[in-house]
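Peer 1:
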């Protein structure tokens, strides 16, 4: 069973964390056929933590978990913090296949979309 | 003359700031007809600051500046910090029309793209 775990930074502003949870529901609704379970976790400032998010996927029966970092650039969070937390959890759950996707901003399609949205804003 | 100022968070990891600068070049190349000048600035941890980025646009002759927050959710940075810094600069440059776009993650197309990229990763 496959699970998708979106990982966002987390915020002191609760509306922002709620925004990520709603986004996760929308992503889950978008392509329910690809993942059996989709949920989210936060690097810091909110719950669930990355370890707790992975555990939640396992509790739902996941045997393969794709951790998708919802970040725009490869700062220390993407380069170090997320991999370290995932690795830590992987060590305690060797029976589960946990992978980390490339972060969101790394995809070429994000640049194209940014160009489109930015220049649309400029034309208003 | 119109300028587009992409505002990113900024990182202690210099490769991450460089990534944003390269992204800005790619955005500029994408639709050069909509903005006469495109550049970037950082909220913190890197240079130029938002005020310096706006000033750079003005120095290039900009009379209208669109500040585009390259953030994924509306945390305190988007809700408070960026608007405060832009407002501060606007007060000292009343002759220039400075606007703030909705942040990147607010666009519906971002959710669709996220769903696509996340589930592509899951299928690998």
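Residue numbers (our numbering), protein chains in the order written: chain A, 1 to 124; chain B, 125 to 248. Each residue gets a CB set at the ideal place from its N, CA and C atoms; glycine is no exception.
1) Using a C-beta cutoff of 8 Å, does residue 199 (chain B) count as contacting chain A?
2) Return no unless some Cβ of chain B is closer than 8 Å to the Cβ of residue 46 (chain A).
3) Could you spell out where the beta strand (DSSP E) holding residue 63 (chain A) opens and where it closes?
4) Could you check whether the Cβ of residue 145 (chain B) sits closer than 8 Å to any Cβ belonging to chain A?
5) Using DSSP bridges, identify the partner residues of residue 42 (chain A).
6) Kindly give me the distance between the Cβ atoms of residue 127 (chain B) and residue 165 (chain B), rounded to whole angstroms, as I take these residues to be in contact under 8 Å.
7) Counting only Cβ pairs nearer than 9 Å, list the residues of chain B close to residue 111 (chain A).
8) With three or more C-beta pairs closer than 8 Å as the rule, is the segment 3-15 of chain A touching the segment 206-215 of chain B?
9) If you measure between the beta carbons of residue 10 (chain A) and residue 140 (chain B), is that distance less than 8 Å?
10) Residues in the segment 8-20 of chain A with C-beta within 9 Å of chain B's C-beta atoms, listed in sequence order?
Peer 2: So, from the listed chains and residues:
1) yes
2) no
3) Where residue 63 (chain A) is concerned, there is no enclosing beta strand (DSSP E), given that its DSSP letter is neither H nor E.
4) no
5) A:8
6) Their Cβ separation, rounded to whole angstroms, is 11 Å, which puts residue 127 (chain B) and residue 165 (chain B) out of contact at 8 Å.
7) 147, 150, 151 and 154
8) no
9) no
10) 8, 9, 10, 11, 12, 13, 15, 16, 17, 19 and 20
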